[in-house]
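**Q** Sending over a structure as structure tokens; questions will come in a sec.
There are 2 protein chains.
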Amino acid sequence: MLNSKTMDTNQKQNKEKEILTAAENEFLTKGYDGARTTSIAKAAGVTHAMLHYYFRTKEQLFERIVDEKFRLMAESTLAALGDSSLPMKERIRTGVANHFDFVASNPLLPLFVINEIVSRPERYAFLHERAKTIIDTVYRGLQADIDRAAERGEMVQINAKMLFMSIMSLNIFTFIAYPFMKPLMGDLMANDERFLAERKAENIETIMKRIEI
Amino acid sequence: MLNSKTMDTNQKQNKEKEILTAAENEFLTKGYDGARTTSIAKAAGVTHAMLHYYFRTKEQLFERIVDEKFRLMAESTLAALGDSSLPMKERIRTGVANHFDFVASNPLLPLFVINEIVSRPERYAFLHERAKTIIDTVYRGLQADIDRAAERGEMVQINAKMLFMSIMSLNIFTFIAYPFMKPLMGDLMANDERFLAERKAENIETIMKRIEI
DNA sequence: TTTTGTATTAACAGAATTGTTAAACAACTT
DNA sequence: AAGTTGTTTAACAATTCTGTTAATACAAAA
Chain A
45 MLNSKTMDTN QKQNKEKEIL TAAENEFLTK GYDGARTTSI AKAAGVTHAM LHYYFRTKEQ
105 LFERIVDEKF RLMAESTLAA LGDSSLPMKE RIRTGVANHF DFVASNPLLP LFVINEIVSR
165 PERYAFLHER AKTIIDTVYR GLQADIDRAA ERGEMVQINA KMLFMSIMSL NIFTFIAYPF
225 MKPLMGDLMA NDERFLAERK AENIETIMKR IEI
Chain B
45 MLNSKTMDTN QKQNKEKEIL TAAENEFLTK GYDGARTTSI AKAAGVTHAM LHYYFRTKEQ
105 LFERIVDEKF RLMAESTLAA LGDSSLPMKE RIRTGVANHF DFVASNPLLP LFVINEIVSR
165 PERYAFLHER AKTIIDTVYR GLQADIDRAA ERGEMVQINA KMLFMSIMSL NIFTFIAYPF
225 MKPLMGDLMA NDERFLAERK AENIETIMKR IEI
């Protein structure tokens with residue numbers, strides 16, 4: 045049995061956490077404008093005054109969610125770069141697979157991030173500065189590795205950024221367009237698990253054939 | 045010089061049209077929830093009462109836009125199927141190219157439609173019924189054509205729907221992620237026109253290599 | 001036991017937004 | 001010119017939503 049102090053702390057953390065969970069769900073599915081603090085509070089099982097007590101404003105609550113989601117998005121994006129210790133073709137193959145899995149476990153993430161950036165570009169300008177320098181160095185290395193592999197005749201010469209965009213396109217669009225495609229594709233998408241496995245294989249195949257000599 | 049009757053009619057049509065134009069812009073960039081009827085009215089140069097006079101409610105104004113955009117989306121999607129009178133490889137190549145061009149001329153369209161369907165799926169259930177029968181017949185034909193081309197050794201055997209999804213992914217994601225990618229990709233995307241030409245070529249290449257034996 | 005800080009509720013305030021209405025107005029018809 | 005019709009404006013009504021506050025409960029610390 046927990047003592048009262050611990051229980052209190054837990055209960056507080058639970059309320060805060062439940063608000064955050066409810067907020068995540070609301071913001072990811074409805075966006076900032078569509079989300080309602082009253083609706084979040086209700087889903088979390090607290091009065092809306094409590095929500096303001098813990099997070100002050102809708103804006104601040106939203107930023108808590110945004111921060112985490114942008115971090116996750118960056119993480120998943122890096123997964124697409126693959127493990128530089130592997131031979132190039134393996135690196136790309138596992139990069140595509142890992143990225144697909146990452147997006148599959150966070151299917152609402154890309155649309156949320158994209159919508160956020162489309163609707164308030166100014167707000168994220170600072171992120172670009174930071175991200176760009178990272179990306180520039182990572183890509184220089186990746187491009188050099190690709191160039192060497194191409195010289196060795198292991199794969200075709202290709203622009204690393206273009207290849208990267210193709211991987212992102214194939215993997216992310218699968219989940220962004222899911223609600224749009226699912227009712228149209230009938231049997232192909234009837235069994236979710238099977239479809240995702242097939243789609244993953246298809247995306248890998250598409251990328252691998254792109255880099256094949 | 046126009047007579048007064050014509051001028052009136054034109055002015056009315058202009059006001060209505062200007063509201064529609066402003067509404068399209070507002071809804072496509074901010075979504076239904078983020079859009080403000082007052083802001084639309086202001087952009088159209090009319091009082092907000094006028095907007096209600098012409099379109100009654102925000103909802104009805106929105107539906108005017110949605111109807112047109114869904115129609116356009118269907119049209120652009122069909123473009124990806126290509127011209128069935130062409131030999132298979134040419135059909136696919138021009139299908140990808142035409143679809144890319146279509147999306148390029150309506151860059152905000154896919155994200156708008158996807159967001160709409162994600163946020164209010166019930167509302168568009170009826171569309172699916174209609175679309176699904178069309179798609180089923182079109183695909184049966186397309187798949188048969190692909191199968192025949194594959195038997196003749198012109199291309200690999202591939203699931204038509206999977207190929208179609210890849211084309212949509214590569215072309216649409218280019219524009220959906222544009223604001224997200226542009227600040228990160230530096231020189232590659234610095235010149236819009238050039239980047240789009242390169243991206244189009246890359247998408248075509250990716251699809252063509254996918255179907256090559 | 002008193003004090004102190006935190007958690008919670010209910011009621012309310014303020015702002016923004018959508019939508020309505022009555023009256024003025026303009027143009028056309030007869 | 002009078003009436004008819006459709007357009008426009010300004011003011012207002014109603015609602016919804018965010019955020020605040022005052023009162024209260026309650027547990028821990030002193």
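Residue numbers (the working numbering), protein chains in the order written: chain A, 45 to 257; chain B, 45 to 257. Ideal placement from N, C-alpha and C gives every residue a C-beta, glycine not left out. Just so we're clear, the structure is a prediction, and the values are computed from it rather than from any experiment.
#1: Using a C-beta to C-beta distance shorter than 9 Å, which residues of chain B count as neighbours of Ile179 (chain A)?
#2: Out of A:Ile257, A:Glu246, A:Glu256, which one is the CA nearest neighbour of Val140 (chain A)?
#3: I need the DSSP call for Ser120 (chain B), collapsed to helix, strand or coil.
#4: CA-CA distance, Ala67 (chain B) and Leu95 (chain B)?
#5: For Thr138 (chain A), I'd like the list of residues in its chain whose CB is within less than 7 Å of its CB, leaving aside the five on either flank, ordered along the chain.
#6: What is the DSSP secondary structure of Met14 (chain A), counted as helix, strand or coil?
#7: Interface residues of chain B around Asn58 (chain A) at Cβ under 7 Å?
#8: Please look up how many angstroms separate the CB atoms of Asn58 (chain A) and His143 (chain A), rounded, as I've assumed it's under 8 Å.
#9: Taking only runs of the alpha helix (DSSP H) that begin and end inside the segment 101-175 of chain B, which ones reach a length of at least 4 residues, in chain order?
#10: If you count every other CB in all the chains shown that lies within 10 Å of the CB of Ile178 (chain B), and 16 or more means buried, which is it?
#11: On the CB-based measure, 16 or more other CB atoms within 10 Å of its CB, does Ala169 (chain A) come out buried or exposed?
#12: Counting only C-beta atoms, is Thr250 (chain B) closer than 7 Å to chain A at any point?
#13: Got a sec? Which residues, its chain only, sit under 6 Å from Gly241 (chain B) by beta carbon, not counting five neighbours each side?
#14: Give the residues of chain B in contact with Val110 (chain A), contact being defined as C-beta atoms less than 7 Å apart.
#15: So which residues on chain B does Ser132 (chain A) lean against when the C-beta distance must stay under 8 Å?
#16: Can you grab the Cα-Cα spacing for the pair Asn47 (chain A) / Glu62 (chain A), in whole Å?
#17: So which residues on chain B does Asn159 (chain A) lean against when the C-beta distance must stay under 9 Å?
#18: Here's the rule I'm using: 16 or more other beta-carbon atoms within 10 Å means buried, otherwise exposed. How should Ala234 (chain B) be labelled?
#19: Cutting at 8 Å between CB atoms, please list the residues of its own chain near Ala204 (chain B), excluding the five before and the five after it.
#20: For Val147 (chain B) and Leu155 (chain B), what's the separation of their Cα atoms in angstroms?
#21: Would Ala175 (chain A) and Leu228 (chain B) be called neighbours here (beta carbons separated by less than 7 Å)?
#22: Please list the terminal residues of the continuous alpha helix (DSSP H) segment that includes Asn247 (chain B).
#23: Taking the C-alpha atoms as reference points, what is the distance between Gly230 (chain B) and Asn69 (chain A)?
#24: In chain order, what residues of the same chain have a beta carbon less than 6 Å from the beta carbon of Phe99 (chain B), not counting five sequence neighbours either side?
#25: Using the three-state DSSP reduction, which class does Thr53 (chain B) fall into: helix, strand or coil?
#26: What separation, rounded to the nearest whole angstrom, lies between the Cα atoms of Ser83 (chain B) and Ile109 (chain A)?
#27: Looking only at its chain, what residues have a beta carbon closer than 7 Å to the beta carbon of Ile161 (chain B), apart from the 5 residues adjacent to it on each side?
#28: Starting from the C-beta of Phe239 (chain B), find all residues in its chain whose C-beta is less than 6 Å away, skip the five residues before and the five after it, and write them out in chain order.
#29: For the alpha helix (DSSP H) containing Ala85 (chain A), name the first residue and the last one.
#30: Could you tell me whether any Cβ in chain B is nearer than 7 Å to the Cβ of Ser48 (chain A)?
#31: With burial defined as no fewer than 16 other Cβ atoms inside 10 Å of the residue's Cβ, what is the status of Tyr76 (chain A): buried or exposed?
#32: Give the interface partners of Gly78 (chain B) over in chain A, defined as CB-CB distance under 7 Å, in chain order.
#33: Output yes if chain B places a C-beta closer than 7 Å to the C-beta of Lys253 (chain A); else output no.
#34: Pick helix, strand or coil for Gln201 (chain A), following the three-state DSSP scheme.
#35: At the 7 Å Cβ level, is Ser213 (chain B) part of the contact set with chain A, yes or no?
#36: In or out: Arg254 (chain A) buried (at least 16 other Cβ within 10 Å) or exposed?
**A** Let me lay it out:
#1: Leu228, Met229, Gly230
#2: A:Glu246
#3: helix
#4: 10 Å
#5: Gly126, Asp127, Leu130
#6: This structure leaves residue 14 (chain A) out entirely; chain A is present only between 45 and 257.
#7: What Asn58 (chain A) touches in chain B: nothing, since even the nearest Cβ is about 29 Å away.
#8: With 8 Å as the limit, Asn58 (chain A) and His143 (chain A) do not qualify as a contact, their Cβ atoms being about 34 Å apart.
#9: 102-123, 132-149, 153-163
#10: exposed
#11: exposed
#12: yes
#13: According to the sequence displayed, residue 241 (chain B) carries Ala and not Gly. If we look at Ala241 (chain B) and ignore the five residues flanking it on each side, it has no Cβ neighbours.
#14: In chain order: nothing, as chain B lies at least about 14 Å away.
#15: For the record, residue 132 (chain A) in the displayed sequence is Met; it is not Ser. Within chain B, no residue comes near Met132 (chain A); the closest Cβ sits about 17 Å away, beyond 8 Å.
#16: Low per-residue confidence applies at Asn47 (chain A): pLDDT is 28, beneath 50, and the placement is therefore not dependable, though the value from the model is reported in the following sentence. Going by the C-alpha atoms only, they are around 22 Å apart.
#17: Gly75, Leu155, Asn159
#18: exposed
#19: Tyr183, Leu186, Gln187, Ile190
#20: 11 Å
#21: yes
#22: 236-255
#23: 34 Å
#24: Leu105
#25: With a pLDDT of only 45 at Thr53 (chain B), under the threshold of 50, the placement of this residue in the model should not be trusted; the figure read from the coordinates follows. Thr53 (chain B) falls in the helix class under three-state DSSP.
#26: 28 Å
#27: Tyr168
#28: Met233
#29: 81-88
#30: For Ser48 (chain A), the pLDDT reaches just 31, beneath the cut-off of 50, and the residue's location in the model is therefore unreliable, although a value from the coordinates is still provided. It does not: the Cβ of Ser48 (chain A) has no partner Cβ on chain B nearer than 7 Å.
#31: buried
#32: Asp77, Ser163
#33: yes
#34: coil
#35: yes
#36: buried
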